[in-house]
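These protein sequence lines are chains A and B, in that order.
With the working numbering as the guide, the letters of the first sequence map in order to residues 935 to 1440.
With the working numbering as the guide, the letters of the second sequence map in order to residues 10 to 91.
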Amino acid sequence: MKPPSPTVTYHAFGKQPLESLLRLDPPPFTTAEVFSQLRYVEHYAGELDCQTIVIETPYIDRDHMEDHSTFYARNLTQYPNFCRRVHFFAKPSADVRRCLREAIEAGATAGLNAFRTKCSELSRSYLGFAVIKPLHGSAVGRTVLRPYPDVPTEPDRAQQFRRSFQGTRLYTTHLLGNELTVRGLAFQQQDAGVSACATTAIWSSLQKMSDHEDISPATPAQITALASRFSLPFGRAMPSEGLSIDQMCQAIQAMGVAPNLLRPPDTATAKSYLYSAIKSGSAPILILQFHATYHAVVAPGMKLRIHGERVRDAADRLIGLYVHDDRTGPYRRASLASDGQTPCLVIPEAGESPESWLLTHIIVPIYPKNRLSLPGLVEAALDVQGNVERLGELLGGFAESLPEPQVTVDYWACRPHSYLSQQFEADDTQPDLITTLFRTVPMPRYLGVIRASADWFGDVDLLIDTTSSRPNIQCLAAVAWTPNALSAWVAESLAEQYQCDTIRID
Amino acid sequence: MCAGTASDRQKRTPVTVRIDEEAIKKAQEALRNPEELERFEAGRRKKQALIEARINAVRDSERLTQSDFAIRINARPRACLT
Chain A
935 MKPPSPTVTY
945 HAFGKQPLES
955 LLRLDPPPFT
965 TAEVFSQLRY
975 VEHYAGELDC
985 QTIVIETPYI
995 DRDHMEDHST
1005 FYARNLTQYP
1015 NFCRRVHFFA
1025 KPSADVRRCL
1035 REAIEAGATA
1045 GLNAFRTKCS
1055 ELSRSYLGFA
1065 VIKPLHGSAV
1075 GRTVLRPYPD
1085 VPTEPDRAQQ
1095 FRRSFQGTRL
1105 YTTHLLGNEL
1115 TVRGLAFQQQ
1125 DAGVSACATT
1135 AIWSSLQKMS
1145 DHEDISPATP
1155 AQITALASRF
1165 SLPFGRAMPS
1175 EGLSIDQMCQ
1185 AIQAMGVAPN
1195 LLRPPDTATA
1205 KSYLYSAIKS
1215 GSAPILILQF
1225 HATYHAVVAP
1235 GMKLRIHGER
1245 VRDAADRLIG
1255 LYVHDDRTGP
1265 YRRASLASDG
1275 QTPCLVIPEA
1285 GESPESWLLT
1295 HIIVPIYPKN
1305 RLSLPGLVEA
1315 ALDVQGNVER
1325 LGELLGGFAE
1335 SLPEPQVTVD
1345 YWACRPHSYL
1355 SQQFEADDTQ
1365 PDLITTLFRT
1375 VPMPRYLGVI
1385 RASADWFGDV
1395 DLLIDTTSSR
1405 PNIQCLAAVA
1415 WTPNALSAWV
1425 AESLAEQYQC
1435 DTIRID
Chain B
10 MCAGTASDRQ
20 KRTPVTVRID
30 EEAIKKAQEA
40 LRNPEELERF
50 EAGRRKKQAL
60 IEARINAVRD
70 SERLTQSDFA
80 IRINARPRAC
90 LT
């Protein structure tokens, strides 16, 4: 039996709803509401100024193939094992066709580099893709869409906040031989057969983890199977009846990743963890509660306030999150609020009152040898802040110009090479400082970074060995990034306090 | 684990408060004086007490019980009847 013939069709965006373009029909016992995720994806692509949709048939999707072989292949009524894929472009259809053709022509006539240049030009207007599964009741498969821009396009909002999507990664796709790239985090809706929201949240979060470490991306079927290997507290594993937090942790651990499970007792603590996790390049899983229902979503991005008074904790700038909610869609805007002491996530609903979910737990998948948990990092940061502020008070006793030595702390974990590239982004980084740092300080796989900043000395970083853990935390160096005497003094004092080296310009 | 996106770009914190060299020297010397050092440590401990509530909240977040692990997560889409 031959595989289906490949076809690629081009459509102007917005002329016809995606569900009718794809000829999807609601299955029995459902309403057209069953397409709400697809409609959200379409609406979101519209927000990104999508102009053209390209539909590719067939598309072999690893996740669906695995789900199919585990579950759907055993149905009496057979489903195809292949999918369709919808690509979104912010260019008119004629331009997309021309660019796709020109890239191949450039490769054939001028070589591989010319082909790649043309592909990256087209990638600038590539908004991402959505795999459409042959399951009409849960059609939205692996979907990677570009997130909202970091700087809001509206000038008044650009004055107020920035977005940070550090829980995203780069994906490469191929269309008619062209190689396209898009930065995002994969989303898919739950099918309630192989996966419920807990499985889907783990699946999305681990997509980002595989950007840091060589872990094989897990399919929803694999995650559900790993989660139910040792315990079945709610009966059968498939059709999925949901997972317990225990099972979620088991599945993450089985993938070779350590689940850092936290129960933030208040909003300030929740903000610290969410901010630090996303800044560290993770996509944390949020466990939410609404009456007796628990839900899991993933946060690949956050919204940070840039106006207003200076903060003592960098996490205080966090005002909102962008979450992959498999009940509705990717990059949903959500704001952080408090219900008494308990943190909550308020998710606006189109035409309805916003949903307010209690944020009960956070699961951050981390590299197993990163033993310094987020609470350990936050606690260390608070201690550093106290020390540097005390130094400022001491100095203030001799200098009239320093009435209130407020210090801001920022804290995250990263690979040493990422830490290096962050320094390249700063305007006055001294090359000698970087050379000395990397020549003299032994680097772990992940660095814990605590940055103390103030308008009287600039920036000083305390670097922590994340393979160490409380109560035996080992510091590696205190780095005076701002080239002045006070920055050097603060770094030296921290180095003495925390028993490590000082890295500074003499 | 940093993503390397444009959001990583962080300008150094500008130094806007100028402090004369003499004050810096005096502060450095003060930290070498055992009496001053003792006062500094006392001040640091006082600061520590102020942030104790915050640190307790951080430590609380790691104190999990069996009931945390037993929570069942199974929210369904609104359109799903099952």
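Glycine residues also receive a C-beta, built at the ideal position from the N, C-alpha and C atoms.
Cβ neighbours of residue i in the same chain (closer than 7 Å, five flanking residues each side left out)
i: threonine 1400 (chain A); result: Asn1304, Arg1305, Leu1306, Ala1347, Pro1378, Tyr1380, Leu1381, Gly1382
i: arginine 1080 (chain A); result: Leu982, Leu1061, Gly1062, Val1116, Arg1117, Gly1118
i: threonine 964 (chain A); result: Gly1071
i: glutamine 1156 (chain A); result: Glu1000
i: methionine 1172 (chain A); result: Phe1005, Gly1127, Val1128, Thr1158
i: alanine 1024 (chain A); result: Leu982, Asp983, Cys984, Gln985, Ser1059, Leu1061
i: alanine 88 (chain B); result: Note on alanine 88 (chain B): pLDDT 48, under 50, position unreliable in the model; the coordinate value appears next. Excluding positions up to five away in sequence, the list is empty.
i: leucine 1336 (chain A); result: Gly1326, Leu1329, Gly1330, Trp1390
Proximity below 8 Å, CB of residue i to CB of residue j
i: phenylalanine 1121 (chain A); j: histidine 1258 (chain A); result: yes
i: isoleucine 1384 (chain A); j: isoleucine 1398 (chain A); result: yes
i: tyrosine 978 (chain A); j: arginine 1019 (chain A); result: no
i: alanine 1249 (chain A); j: serine 1210 (chain A); result: yes
i: tyrosine 1207 (chain A); j: alanine 1233 (chain A); result: no
i: glycine 1285 (chain A); j: tyrosine 1265 (chain A); result: no
i: glycine 1101 (chain A); j: glycine 1215 (chain A); result: yes
i: glutamate 1313 (chain A); j: glycine 52 (chain B); result: no
i: phenylalanine 952 (chain A); j: glutamate 976 (chain A); result: The residue asked about is misnamed: residue 952 (chain A) is leucine in this sequence, not phenylalanine. For leucine 952 (chain A) and glutamate 976 (chain A), yes; Cβs fall inside 8 Å.
i: alanine 1037 (chain A); j: leucine 1056 (chain A); result: yes
i: leucine 1140 (chain A); j: proline 1299 (chain A); result: yes
i: proline 1198 (chain A); j: isoleucine 1296 (chain A); result: yes
i: isoleucine 1221 (chain A); j: threonine 1294 (chain A); result: yes
i: lysine 1142 (chain A); j: alanine 1204 (chain A); result: no
i: lysine 1052 (chain A); j: alanine 1040 (chain A); result: yes
i: cysteine 1409 (chain A); j: leucine 1420 (chain A); result: no
Given residue i as reference, the closest of the options once Cα atoms are compared
i: isoleucine 1136 (chain A); options: A:Leu1104, A:Leu1114, A:Glu1000, A:Gly1176; result: A:Gly1176
i: arginine 1244 (chain A); options: A:Tyr978, A:Ser1335, A:Ala1388; result: A:Ala1388
i: asparagine 1194 (chain A); options: A:Phe1095, A:Ile1407, A:Leu1311, A:Cys1017; result: A:Leu1311
i: threonine 941 (chain A); options: A:Tyr1301, A:Leu1354, A:Cys1017; result: A:Cys1017
i: proline 1154 (chain A); options: A:Ala1028, A:Ser1402, A:Gly1075; result: A:Gly1075
i: threonine 1374 (chain A); options: A:Ala1411, A:Pro1365, A:Ser1352, A:Pro1299; result: A:Ala1411
i: lysine 1237 (chain A); options: A:Gln1094, A:Leu1010, A:Ala1425; result: A:Gln1094
i: asparagine 1418 (chain A); options: A:Ile1407, A:Asp1393, A:Gln1012, A:Ser1144; result: A:Asp1393
i: phenylalanine 1332 (chain A); options: B:Lys34, B:Thr22, B:Pro23; result: B:Lys34
i: lysine 949 (chain A); options: A:Pro962, A:Glu1039, A:Pro1026, A:Ala1360; result: A:Pro1026
i: leucine 59 (chain B); options: A:Asp1366, A:Asn1406, A:Glu1359, A:Glu1323; result: A:Glu1323
i: glutamate 31 (chain B); options: A:Gln1124, A:Gln1357, A:Glu1334; result: A:Glu1334
Chain-ordered neighbours of residue i on chain B, where CB pairs are closer than 8 Å
i: histidine 1295 (chain A); result: Asp77, Ile80
i: tryptophan 1137 (chain A); result: Residues of chain B passing the Cβ test: none, with the nearest at roughly 14 Å.
Own chain residues within Cβ distance below 8 Å of residue i, not counting five before or after
i: arginine 1031 (chain A); result: Tyr944
i: methionine 10 (chain B); result: Annotation note: pLDDT 46 at methionine 10 (chain B) (below 50); position unreliable, coordinate value reported separately. No residues qualify anywhere along the chain.
First and last residue of the uninterrupted alpha helix (DSSP H) at residue i
i: methionine 1377 (chain A); result: Here methionine 1377 (chain A) belongs to no alpha helix (DSSP H), and DSSP marks it neither H nor E.
i: cysteine 1131 (chain A); result: 1131-1146
i: tryptophan 1423 (chain A); result: 1419-1431
i: asparagine 1321 (chain A); result: 1308-1330
i: cysteine 1183 (chain A); result: 1179-1188
i: aspartate 997 (chain A); result: 996-1004
i: proline 1154 (chain A); result: 1154-1161
i: glycine 980 (chain A); result: 970-981
i: asparagine 1009 (chain A); result: Run containing asparagine 1009 (chain A): none; DSSP gives neither H nor E here.
i: isoleucine 1212 (chain A); result: 1201-1213
Contact set between residue i and chain A, taken where Cβ atoms lie within less than 8 Å
i: proline 23 (chain B); result: Asp1389, Gly1392
i: glutamate 47 (chain B); result: Within chain A, no residue comes near glutamate 47 (chain B); the closest Cβ sits about 12 Å away, beyond 8 Å.
Under 9 Å by beta carbon: chain A residues contacting residue i
i: proline 43 (chain B); result: The contacting residues do not exist; proline 43 (chain B) stays about 14 Å from chain A at best.
Partner residues on chain B for residue i, Cβ-Cβ distance less than 7 Å
i: threonine 1227 (chain A); result: Ala84
i: proline 1199 (chain A); result: Ala66, Asp69, Ser70
i: phenylalanine 1168 (chain A); result: Arg81
i: leucine 1420 (chain A); result: Ile28, Ile33
Opening and closing residue of the beta strand (DSSP E) in which residue i lies
i: arginine 1266 (chain A); result: 1263-1273
i: isoleucine 1437 (chain A); result: 1435-1437
i: leucine 955 (chain A); result: Per DSSP, leucine 955 (chain A) belongs to no beta strand (DSSP E); it is in the alpha helix (DSSP H), 952-955.
Beta-carbon contacts of residue i that lie in its chain and below 6 Å, excluding the five residues immediately before and after
i: proline 938 (chain A); result: Pro992
i: glutamine 1275 (chain A); result: Asp1200
i: valine 1280 (chain A); result: Ser1269, Ala1271, Pro1288, Ser1290
i: valine 1085 (chain A); result: Ala1092
i: threonine 14 (chain B); result: Any reading at threonine 14 (chain B) is ruled out, since the residue's pLDDT is 44, under 50, leaving its predicted position unreliable.
i: serine 16 (chain B); result: Reliability fails at serine 16 (chain B), whose pLDDT of 45 lies under 50, so the model's placement of it is uncertain and the value that follows must be treated cautiously. Same-chain partners within the cutoff: there are none.
i: aspartate 1362 (chain A); result: none
i: histidine 1229 (chain A); result: Cys1131, Leu1222
i: leucine 1114 (chain A); result: Ser1057, Tyr1060, Thr1107
i: arginine 18 (chain B); result: Since pLDDT at arginine 18 (chain B) reaches only 49, below the 50 mark, its modelled position is unreliable, and the value read off the structure follows with that caveat. Same-chain partners within the cutoff: there are none.
Distance cut-off 7 Å: residue i Cβ against heavy atoms of the ligand FAD
i: glutamate 1036 (chain A); result: Among the components modelled here there is no ligand, and therefore nothing to report on the ligand FAD.
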